[in-house]
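First the structure, in the form of structure tokens, and then the observations on it.
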Amino acid sequence: MNRIKQSRIYAVVPFFVFFLSISPLPAGDAFSLPDVVDVRSRAMGGVYSCDFDSPYILLVNPAGTAASGKKILFPSVAVDAAGPLDKLSSIYSEGVSSGNFLQSAYDHLMEYVSEHNGGYLNVDMMLPVNFARINNNSGFGFFNRVYFEGNIPSVTKADIAAGAEIQLVWAGAVPLIKSKNHLLAVGTGTRLVGRMEGVHTGIPSDIMDFSFSDLPVSGTVAAGFDAGIIYSFMNLIRVSAVWHSMYAGIQSSLGTFSDMSLTGDGTVPELFLEPGKLTLGTAVSFPTFFTKGVISSWTVYLDMRDALPFFTAKEDILSSSPLLSLAAGMEIVIFKTIALRGGICGPYLAAGAGIDLTPLHLEFAIYGKELGLEPGVQPQLHGAFSLSLYY
């Protein structure tokens, strides 16, 4: 009983932390949401609000900590890359043989942009300094990411960004009903995000004279809030609703890379508030006893990751199509060791596999992603790999 009362107290704490953080802040411009390189989920079309088997449930649905049991994530490494990866080897070899590597690479890049109406190269990495723990209906974690985003939509425009971010996360849940066959729980979570980013916007020819010392750098600090509810019947059918990605924070210019100051460059910092999104999800785990141990588990997931636009008129022409928020995925585990995964997010397919040598997990994924606001405007093909330690 004392533990339940304690959990209820902990579950209320994030509300006060969040409201204190946003009370003086007006609405601002859009905030690029933080992320982690969760390769297992990306192989199924993205993260799911009813996936309680992952330690990353801390970041997705805080109520899920009531159903996930004990989870510990040790320092792990993951890499996700997108772009014309098949062209990189030829660009490199021809650049070396040409005697002028930079000019040769630039010529090949412009040729690719002209032929494909744009080009991109994105790389996300999670360094082995992350950690998470879930137990007794609550959990905490430390997550990191370094990234490079290069987008050249035409021969007259180039946007390049590189940065690093960290997240400190806490989540807790209160089981309202907990019996052999039923679990109903609510939960809240908070996070503190720190980010340092350099951004260059210009024309592609600027790359020839690009200098990191002149790169403008900004710093961002934000507080986030999530709240969710889950219901599970015999752990076979699960449904959830979660309001997530609500942020309030401050962004400040730190000067250039060569003359950077953590106290800012004298310009007025920008305050922002992100209202968050509503995600509705469900999952079904099929009985596998008839396979006599061959199939250990078989689960199908379905999420509507931004549900409100489906029920309201689309007023903002800069908002993305609601179809891009629909996702479905499946995971089949064979002999408790080999995981086969697949899914779809919007119109784009995802697939992958994993090897479970608990606590060691090897994961691979390949999937599509839309950079534009409508399906098919600017699709990306991603490949990802991770070496994780968790149980």
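This note's numbering runs 11 ahead of the 1-based position in the sequence shown.
We put the beta carbon where it would ideally sit given N, CA and C, even for glycine.
Q262 beta carbon less than 8 Å from that of P286: no
Euclidean distance between Cα positions of D170 and L120: 14 Å
Sub-8 Å separation of L44 and S256 beta-carbons: yes
Three-state secondary structure assigned by DSSP to M137: strand
For Y117, three-class secondary structure by DSSP: helix
Close-in-space but distant-in-sequence residues of the same chain around S109 (CB under 8 Å, 5 per side omitted): S115
Pairwise C-alpha distance: N128 and N147: 52 Å
Range covered by the beta strand (DSSP E) that runs through R352: I349 to C356
Pairwise C-alpha distance: L226 and Y402: 41 Å
Residues that I240 bridges to, as DSSP identifies them: V197 and A252
Distance, V204 Cα to V180 Cα: 9 Å
Distance between G379 and A233 (C-alpha atoms, nearest Å): 29 Å
G230, buried or exposed, once every other Cβ within 10 Å from all chains shown has been counted against 16: buried
Through-space distance from L84 to A339, alpha-carbon basis: 25 Å
Residue environment, D91, which counts as buried when at least 16 other CB atoms sit within 10 Å: buried
Residue of K191, A172 and A196 minimising C-alpha distance to T212: A172
Whether F283 touches F42 by CB criterion (8 Å): yes
For T302 and T369, the rounded distance between their alpha carbons: 22 Å
Inter-residue Cα distance where the pair is A318 and V311: 19 Å
Whether E160 touches N133 by CB criterion (8 Å): yes
Burial state of P188, where buried means 16 or more other Cβ atoms lie within 10 Å: Reading the sequence as shown, one finds Ile at residue 188 and not Pro. Flag for I188 reads exposed.
C-alpha distance - E126 paired with S79, whole-angstrom precision: 48 Å
Other residues of its chain near L392: CB distance less than 7 Å, five sequence neighbours each side excluded: A93 and G379
C-alpha gap between P86 and V71, whole angstroms: 19 Å
Buried or exposed by the 16-neighbour rule on C-beta atoms within 10 Å, applied to S101: exposed
Sub-8 Å separation of S307 and V344 beta-carbons: yes
Residues bridged to Y131 (per DSSP): N162
E390: first and last residue of the uninterrupted beta strand (DSSP E) it sits in: For the sequence presented, residue 390 should be read as Pro rather than Glu. That run of the beta strand (DSSP E) goes P390 to Y401.
Under 8 Å between C-beta atoms of L313 and T293: yes
Assigned exposure category for K81 - 16 Cβ within 10 Å defines buried: exposed
Exposure of P37, with buried meaning 16 or more beta-carbon neighbours within 10 Å: With a pLDDT of 39 at P37, under the threshold of 50, the modelled position of that residue is not reliable, and the figure given next carries that caveat. With fewer than 16 other Cβ atoms within 10 Å, it is exposed.
Local conformation of K303 per DSSP, three classes: coil
Nonlocal neighbours in the same chain, by C-beta distance under 7 Å from L371, ignoring five residues either side: L400
Short Cβ contact (8 Å threshold) for G239 with R202: no
Alpha-carbon spacing of A74 relative to D62, whole angstroms: 11 Å
Collapsed DSSP secondary structure at L226 in the structure displayed: coil
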